[in-house]
Structures are given as C-alpha cells and as structure tokens.
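Reading through the structure tokens given below for one structure.
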Amino acid sequence: MHKSPPWNLRNISEQFQIFGEYIGAESFGNGHINDSYVATYDQGGARIRYLHQRINHTVFKRPDQVMENFQRVTAHICRILHEQEVPDRSRKSLTLVPTKEGMPFLEETNGNFWRSFVFIERTASCDVIEFPRQAREAAKAFGMFQKQVASMGGARLHETIPDFHNTPKRFDAFVNAVESDPLNRAAGAKTEIDQALRRREMCEILLRLHQRGEIPERITHNDTKLNNVLLDTDTQEGMCVIDLDTVMPGLALYDFGDLVRTATCHAAEDERDLSKVSMCMELFRELAAGYLEAVGDWLTAAEIDMMPFSGKLISFEIGLRFLTDHLLGDDYFKVERPGHNLDRCRTQFALVKSIEEQEEEAAALIGGIARNPVIEEGSVNK
Ligand code: ADP
Ligand code: GN1
Ligand code: MG
Numbered sequence: 487m488h489k490s491p492p493w494n495l496r497n498i499s500e501q502f503q504i505f506g507e508y509i510g511a512e513s514f515g516n517g518h519i520n521d522s523y524v525a526t527y528d529q530g531g532a533r534i535r536y537l538h539q540r541i542n543h544t545v546f547k548r549p550d551q552v553m554e555n556f557q558r559v560t561a562h563i564c565r566i567l568h569e570q571e572v573p574d575r576s577r578k579s580l581t582l583v584p585t586k587e588g589m590p591f592l593e594e595t596n597g598n599f600w601r602s603f604v605f606i607e608r609t610a611s612c613d614v615i616e617f618p619r620q621a622r623e624a625a626k627a628f629g630m631f632q633k634q635v636a637s638m639g640g641a642r643l644h645e646t647i648p649d650f651h652n653t654p655k656r657f658d659a660f661v662n663a664v665e666s667d668p669l670n671r672a673a674g675a676k677t678e679i680d681q682a683l684r685r686r687e688m689c690e691i692l693l694r695l696h697q698r699g700e701i702p703e704r705i706t707h708n709d710t711k712l713n714n715v716l717l718d719t720d721t722q723e724g725m726c727v728i729d730l731d732t733v734m735p736g737l738a739l740y741d742f743g744d745l746v747r748t749a750t751c752h753a754a755e756d757e758r759d760l761s762k763v764s765m766c767m768e769l770f771r772e773l774a775a776g777y778l779e780a781v782g783d784w785l786t787a788a789e790i791d792m793m794p795f796s797g798k799l800i801s802f803e804i805g806l807r808f809l810t811d812h813l814l815g816d817d818y819f820k821v822e823r824p825g826h827n828l829d830r831c832r833t834q835f836a837l838v839k840s841i842e843e844q845e846e847e848a849a850a851l852i853g854g855i856a857r858n859p860v861i862e863e864g865s866v867n868k
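Count along the sequence shown from 1, then add 486; that gives the number in this note's numbering.
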C-alpha cells in the first residue's frame with residue numbers, strides 16, 4: 487500500500503513545466519534517502535507520469551552542487567545516446583523537467599528542495615534479486631554508465647558527500663559512535679561491534695592500492711545497489727541508471743562492490759534470518775560477466791584482481807554505516823522499526839563472511855572470465 491504524501495504534491499508539481507491537468511500523486515520506491523512520488527497528469531487524453539523527488543538536504547548539504555553534477559552527467563549521456571542513435575533512448579537516461587522559472591530544481595521557502603523527472607515507463611527497480619539475468623543486466627548497465635561518464639570533459643565533479651567511500655574514515659566514525667554511545671545502544675550491539683573491530687585492517691586495502699597508482703581514480707556512481715537501475719519489465723534489459731546524487735570521483739571497485747552486496751544475495755538487505763544470507767556464486771558469475779563485458783578492456787590488472795574483495799569491503803562498509811546510524815539514533819537511513827539498522831548491519835556482516843568463504847572461488851572465476859571474456863549467459867560452471 488502506498489502512503490499518502492505528507493506534502494502538497496499538487497502545488498509542488500504545478501511549479502514545474504508540465505502540461506495538462508494534475509490527477510494525483512502517491513509515494514514511490516524504496517530508497518533510503520530521498521522522498522519520491524509519482525504524479526499522474528492528463529495530457530490531451532493520455533495519462534502521463536512524472537517522478538517528483540524531495541532531495542534530502544540533511545544528507546546532501548549542497549543540493550545546488552548535486553544538481554550541477556546531475557545536469558552535466560545526464561547531458562553528456564544524452565549526447566552519447568544521440569550520437570550513437572541508440573534506440574529507445576528517452577528510457578535510457580534520466581530527463582529532468584525544469585521549473586516554470588527554468589531552474590533545474592525548486593527551492594521552497596520552507597527550505598525543501600524538489601526536482602522532477604520524466605517517469606520511465608515499463609521498467610522496475612528490483613529490491614531483491616530474483617533471477618540471474620537481472621544481475622548481468624544491472625552490472626552491464628552500471629559498467630556502461632562508468633564508460634559513458636569516463637569521456638566527460640570539464641572540471642572535476644563536485645564531491646557531493648566528501649569521503650563517501652573512505653572506509654577508514656567510516657571506521658573512525660563508527661569507533662567514535664561506540665565511544666560516545668549517546669543512546670546506550672552499544673551494549674545491545676556488542677556482538678556486531680566486536681565483529682567490526684576485528685576487521686579494521688580490511689578498510690585501507692583499496693586506498694593503499696590507489697595511493698600506489700595501481701587503481702586509478704575514475705568517475706563512479708558510488709551507490710550502485712540493485713534498485714538504482716531500472717530494468718525493462720518485459721525483457722529485464724538494464725535500461726537506465728538512476729540515483730545520480732553521488733556520481734563523483736571514486737574507484738570503479740566501489741561500484742562493482744556494491745553490486746556484489748546487493749545483486750548476489752537472495753535475501754533482503756534487512757533479512758533477519760541470517761541462514762538465508764549468502765553470496766550466490768551463480769549470481770556473482772553473471773554479475774562479473776556483465777560488468778567485464780561492459781568495461782573489461784579498460785580495467786587495470788589490480789582492479790580485476792580486487793573484484794571479489796570489493797564486494798566484501800563494500801558490504802562491510804555499508805554494514806558499519808548501518809551500525810553507526812543505529813548507535814547514533816537512526817538519523818541517516820530511513821527506518822521502519824526499532825532496531826532496523828542493526829538488522830541491516832547483521833545482514834551485511836553475514837554477507838561479508840559468506841563472500842570471504844568464497845573469495846578464492848570467486849577469484850578463479852574472475853580470472854577465467856578475464857582470460858576468455860565471451861561467455862554465454864547462464865552457462866555457469868558451478
Ligand atoms: P533514493 O535516493 O531515495 O534511493 P532514487 O533516485 O533511487 O531515490 O529513487 C527512488 C526510487 O524511485 C527508485 O528506486 C526507482 O524505483 C524510482 N525511480 C526513480 N527515478 C525514476 C524514473 N525516472 N522513472 C521511474 N522510476 C524512477
Ligand atoms: C542509500 O539512496 P539509496 O537508498 O539508493 C545510501 C547508500 C547505501 C544504501 C544502503 C546517499 O542508498 O550509500 O549504500 O542506502 N545513499 C546515500 O542501502 O547515503
Ligand atoms: Mg536509490
């Protein structure tokens with residue numbers, strides 16, 4: 487059931503350059519950060535939908551910079567799709583609808599920031615993976631996205647959240663939260679805190695390779711969870727990469743790692759039955775094949791080597807962030823129940839363990855694909 491929106495969506499919607507008659511709006515999607523609503527308009531007898539989004543300005547302190555990045559990235563992708571005469575291209579990139587003032591976003595007097603997109607029809611974002619083709623298609627779409635933005639000229643993109651994937655800094659923030667323990671929640675999370683403390687040394691590994699020049703900085707998406715790509719509902723083709731708020735300089739492995747976290751496990755991110763939480767090697771293989779198909783030719787040897795590790799690192803990092811948020815009072819991620827962030831942390835840590843147990847097998851599999859990149863879909867050698 488969709489909740490009815492707490493905002494006057496008609497009023498907000500009508501401040502954008504949308505023709506026709508507003509019919510109604512309802513809340514949409516399962517993102518943890520922004521508030522999204524789908525609005526329907528009658529345009530000459532056809533029902534047309536738009537997505538209105540309230541930008542979380544507690545998380546994104548400079549919505550103007552987020553939107554400046556957003557406009558540069560989407561304009562660049564549109565240009566590429568146009569030049570290559572890609573079919574169905576209005577469903578393959580986000581299209582921003584300007585405000586009646588011609589601005590890319592609306593700033594309300596109450597301090598809220600809103601933006602609007604063309605709603606991409608006949609697609610869905612998938613919260614939990616259902617079948618292997620989704621993993622391959624999602625990875626291909628994010629890989630293609632990385633390649634598209636790689637050719638973007640101009641100044642460095644804004645860092646919309648500084649140190650977003652700086653795992654050592656995420657670890658320090660976690661330690662500070664344990665020490666300050668403002669809500670006396672640390673005692674109830676002792677097992678998870680101990681698990682996290684034992685893995686300190688893992689945090690530095692990618693950054694060290696980057697400092698040694700073995701892993702380059704690229705423009706990356708940085709939030710490549712499975713539900714941030716829209717898949718065609720009929721064919722499952724990866725249509726459009728969304729949630730571009732954190733597109734900024736980063737390491738390609740952050741993107742692959744978050745795909746491993748969210749597209750190789752059949753359990754939900756907040757699954758409480760940890761016996762259901764594991765990395766499925768068949769899904770990992772589809773994911774790696776899709777990603778390497780899209781970007782294999784420009785990854786460095788170190789990037790390819792570290793693909794299995796990246797899944798473990800990012801699962802750990804996001805687990806740490808859920809745990810930190812739990813300790814600090816659930817201020818950052820939206821929660822639906824008490825202990826929700828702690829549940830999410832447990833799931834991530836269970837996944838870390840499962841990836842670790844299969845790291846060698848995953849490395850052998852990557853080596854095989856990298857040597858022989860043309861693999862038929864689903865031809866898994868388990
Ligand atoms: P959040 O930062 O909260 O995760 P997203 O930008 O990912 O916000 O959007 C939330 C959800 O809205 C997505 O998971 C997706 O299901 C849906 N969505 C976003 N943009 C579009 C679009 N242009 N067309 C259709 N659905 C969309
Ligand atoms: C958030 O916005 P959403 O739900 O796609 C978060 C990611 C986390 C993810 C965990 C800006 O992503 O970093 O990995 O939740 N986004 C931000 O599910 O913090
Ligand atoms: Mg999202």
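Note that CB positions come from ideal geometry on N, CA and C, so glycine has one too.
Mapping the DSSP letters down to three states, classify residue i as helix, strand or coil.
i, result
"Asp-829", "helix"
"Met-589", "coil"
"Asn-867", "Note that Asn-867 has pLDDT 38, beneath the 50 cutoff, so the model's placement of it is unreliable and no number is given."
"Ile-790", "helix"
"Tyr-777", "helix"
"Met-487", "Reliability of the predicted coordinates at Met-487 is poor, the pLDDT of 45 falling under 50, and no value is obtained from them."
"Thr-653", "helix"
"Glu-507", "strand"
"Asp-718", "strand"
"Leu-582", "strand"
"Ala-754", "coil"
"Met-553", "helix"
"Asn-617", "The residue asked about is misnamed: residue 617 is Phe in this sequence, not Asn. Coil at Phe-617, not helix or strand."
"Phe-631", "helix"
"Phe-546", "coil"
"Thr-609", "strand"
What number of angstroms, rounded off, separates the C-alpha of residue i from the C-alpha of residue j?
i, j, result
"Met-793", "Ala-780", "15 Å"
"Glu-723", "Ile-615", "14 Å"
"His-543", "Asn-598", "8 Å"
"His-826", "Asp-816", "9 Å"
"Cys-726", "Asp-829", "30 Å"
"Arg-694", "Ile-790", "16 Å"
"Thr-719", "Arg-622", "15 Å"
"Glu-847", "Glu-665", "38 Å"
"His-696", "Glu-703", "8 Å"
"Cys-612", "Phe-505", "30 Å"
"Pro-492", "Tyr-527", "20 Å"
"Phe-808", "Phe-819", "8 Å"
"Glu-687", "Arg-575", "44 Å"
"His-538", "Glu-571", "28 Å"
"Lys-578", "Leu-837", "31 Å"
"Trp-784", "Glu-842", "26 Å"
"Leu-851", "Arg-771", "7 Å"
"Gly-515", "Ala-753", "18 Å"
Give the DSSP bridge partners of residue i, in chain order.
i, result
"His-871", "Residue 871 is absent from the model: the chain starts at 487 and stops at 868."
"Gly-736", "Arg-704"
"Arg-747", "Partner(s): none; Arg-747 has no beta bridge."
"Asp-528", "Glu-507 and Arg-533"
"Ser-513", "Tyr-523"
"Val-727", "Val-715"
Hey, is residue i close to the ligand MG, as in C-beta under 8 Å from one of its heavy atoms?
i, result
"Asp-649", "no"
"Asp-667", "no"
"Asn-714", "yes"
"Ile-519", "yes"
"Lys-711", "yes"
May I ask you to check if the CB of residue i is nearer than 8 Å to at least one heavy atom of the ligand ADP?
i, result
"Ser-611", "yes"
"Gln-539", "yes"
"Asn-516", "yes"
"Ser-522", "yes"
"Phe-617", "no"
"Ile-606", "yes"
Regarding residue i and the ligand GN1, is the C-beta to nearest heavy atom distance less than 8 Å?
i, result
"Glu-587", "no"
"Phe-835", "no"
"Phe-599", "no"
"Asp-781", "It should be noted that the sequence gives Val, not Asp, for residue 781. No."
"Thr-544", "no"
Determine, using beta-carbon pairs with one atom in the stretch 764-773 and one in the stretch 708-718, whether at least three such pairs fall under 8 Å.
-> no
Taking three-plus beta-carbon pairs below 8 Å as touching, is the stretch 558-566 in contact with the stretch 604-622?
-> no
Are the stretch 674-689 and the stretch 796-812 in contact at 8 Å, needing three or more beta carbon pairs?
-> yes
Touch test, the stretch 631-645 against the stretch 548-558, Cβ-Cβ under 8 Å, three pairs minimum = yes
Three-pair Cβ contact test at 8 Å for the stretch 586-593 versus the stretch 499-511 = yes
Tell me, please, whether the stretch 771-785 touches the stretch 622-636 by the rule of three or more beta-carbon pairs shorter than 8 Å.
-> yes
Can you find at least 3 beta carbon pairs, one from the stretch 649-658 and one from the stretch 726-746, that sit closer than 8 Å?
-> yes
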